[in-house]
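K.L.:
Sequential numbering from 36 applies to the sequence shown in the numbering used here. C-beta: ideal position from N, C-alpha, C; glycine also. Have a look at this one.
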Amino acid sequence: MKITIAQLDIADHRYKENAEKVVRIIAEHAHSDIILFPELALTGFPKVNEVQNAFEHSQAALAQIAKASKAVYANVILGHIEQYEGKFYNSAYLFSNGDTSILHRKAHLWLDDVGVFQKGHQCPLVNLQGVMCGAQICFDLEFPEGSRALALAGADLILMPNGNMHPYANTHFVLTQARAIENQLFVATCNRVGTGHGGSFVGESLVVSPFGEVLMQLGAEEVIQTIEIDLKQVQKSRSEYRYIQNV
Numbered sequence: 036m037k038i039t040i041a042q043l044d045i046a047d048h049r050y051k052e053n054a055e056k057v058v059r060i061i062a063e064h065a066h067s068d069i070i071l072f073p074e075l076a077l078t079g080f081p082k083v084n085e086v087q088n089a090f091e092h093s094q095a096a097l098a099q100i101a102k103a104s105k106a107v108y109a110n111v112i113l114g115h116i117e118q119y120e121g122k123f124y125n126s127a128y129l130f131s132n133g134d135t136s137i138l139h140r141k142a143h144l145w146l147d148d149v150g151v152f153q154k155g156h157q158c159p160l161v162n163l164q165g166v167m168c169g170a171q172i173c174f175d176l177e178f179p180e181g182s183r184a185l186a187l188a189g190a191d192l193i194l195m196p197n198g199n200m201h202p203y204a205n206t207h208f209v210l211t212q213a214r215a216i217e218n219q220l221f222v223a224t225c226n227r228v229g230t231g232h233g234g235s236f237v238g239e240s241l242v243v244s245p246f247g248e249v250l251m252q253l254g255a256e257e258v259i260q261t262i263e264i265d266l267k268q269v270q271k272s273r274s275e276y277r278y279i280q281n282v
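What follows is the structure in structure tokens.
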């Protein structure tokens, strides 16, 4: 499976500019199986008095990305604001062949999410090119229960739009490996770089194998990189260890 990690420098509240960058990357990596983008990749992090406006003014950008996905083989996962039953969620969207669905609603709200977004929940796994995939978002990584639930449901790969800032780079470096090892699956994170929302985003997006091997670690600059993972490693890990079976 080919996964493209699009580690971007996002311009807060510049929806058209961000969408144009996303659409260009989708076209350039049309033959990847999955293209993964950061958390809130079209809007940046809104404040409570900005979330309604950010959602409304980014709808054209969202439609543009859905249209772009119809022309490519790749499945696109991107963090964005979701409005559901009058409430806002920090969600992971899936764009596939022009269709749009929700992969995950952020379940663990960071301090800046509280009051802006509602607490979300895990969504069912999705089969992408024959691989069972689940999603989480940023702070969710720091709680083991969610990734374990995905593993028990049969996930082979967890995809994670991220918005991790300084000084928490090492936390996510260590815990991405831990989640992959303890759940015997691949974990791919895609973080943001640059400045925004009053802080500095660390980048350092990761792809980690079920054995905890760091297969990809990006730096602190905007970069788009593709990696091919061997899904046979999932079954190999589960044949040699019994972390899941011993729950």
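(1) Taking only three categories from DSSP, how would you classify residue 192?
(2) Determine the closest residue to residue 111 out of 144, 138, 178, with distance taken between C-alpha atoms.
(3) When DSSP labels each residue in this structure, what does residue 59 get in the three-state scheme?
(4) Ignore the nearest five residues each way along the sequence and tell me which others in residue 142's own chain have a CB closer than 7 Å to its CB.
(5) Does the distance from the CB of residue 215 to the CB of residue 243 come in under 7 Å?
(6) Are residue 76 and residue 129 touching if we call contact CB-CB under 7 Å?
(7) Which one or two residues does DSSP pair with residue 119 in a beta bridge?
(8) Measure the alpha-carbon distance for residue 54 versus residue 122 and round it to whole angstroms.
(9) Should the region 162-174 be called in touch with the region 193-205, which here means at least 3 C-beta pairs below 8 Å?
(10) Could you tell me the distance, in whole angstroms, from the CA atom of residue 59 to the CA atom of residue 66?
(11) Between which two residues does the beta strand (DSSP E) carrying residue 236 extend?
(12) DSSP three-state label for residue 263, please.
(13) Does the Cβ-Cβ distance between residue 87 and residue 228 come in under 7 Å?
(14) In whole angstroms, what separates the C-alpha of residue 234 from that of residue 80?
(15) Excluding the 5 residues flanking residue 272 on each side, which residues of the same chain have their C-beta closer than 7 Å to its C-beta?
(16) Between which two residues does the beta strand (DSSP E) carrying residue 209 extend?
(17) Could you check which residue in 38, 47, 36, 37 has the C-alpha nearest to that of residue 232?
(18) Roughly how far, in whole angstroms, is the beta-carbon of residue 173 from the beta-carbon of residue 72, given that I think they are within contact range, below 8 Å?
(19) When the Cα of residue 261 is compared with those of 68, 210, 268, 230, which residue comes out closest?
(20) Can you give me the Cβ contacts of residue 159 inside the same chain, cut-off strictly under 6 Å, excluding the 5 residues immediately before and after it?
(21) In whole angstroms, give me the CA-to-CA distance for residue 152 and residue 125.
(22) Report the rounded CA-to-CA distance for residue 63 versus residue 131, giving the unit in angstroms.
(23) Among residues of its own chain, excluding the 5 on either side of residue 268, which ones have a beta-carbon nearer than 8 Å to its beta-carbon?
P.N.:
Considering the structure as presented:
(1) strand
(2) 138
(3) helix
(4) 154, 155, 156, 157, 175, 181
(5) Cβ distance < 7 Å, so residue 215 and residue 243 count as in contact.
(6) no
(7) Looking at the DSSP assignment, residue 119 forms a beta bridge with 122.
(8) 23 Å
(9) With the cut-off at 8 Å, the region 162-174 and the region 193-205 touch.
(10) 13 Å
(11) Note, residue 236: beta strand (DSSP E), 234-237.
(12) strand
(13) no
(14) 11 Å
(15) 219, 245, 246
(16) Run containing residue 209: none in the beta strand (DSSP E); it sits in the alpha helix (DSSP H), 204-218.
(17) Of the listed residues, the one whose Cα sits closest to residue 232 is 47.
(18) The pair is not a contact, with the Cβ atoms about 13 Å apart (cut-off 8 Å).
(19) Ranking 68, 210, 268, 230 by Cα distance to residue 261 puts 68 first.
(20) Beyond the five residues adjoining it in sequence on each side, residue 159 comes within less than 6 Å, by CB distance, of no other residue in the same chain.
(21) 6 Å
(22) 16 Å
(23) 221, 244, 245, 246
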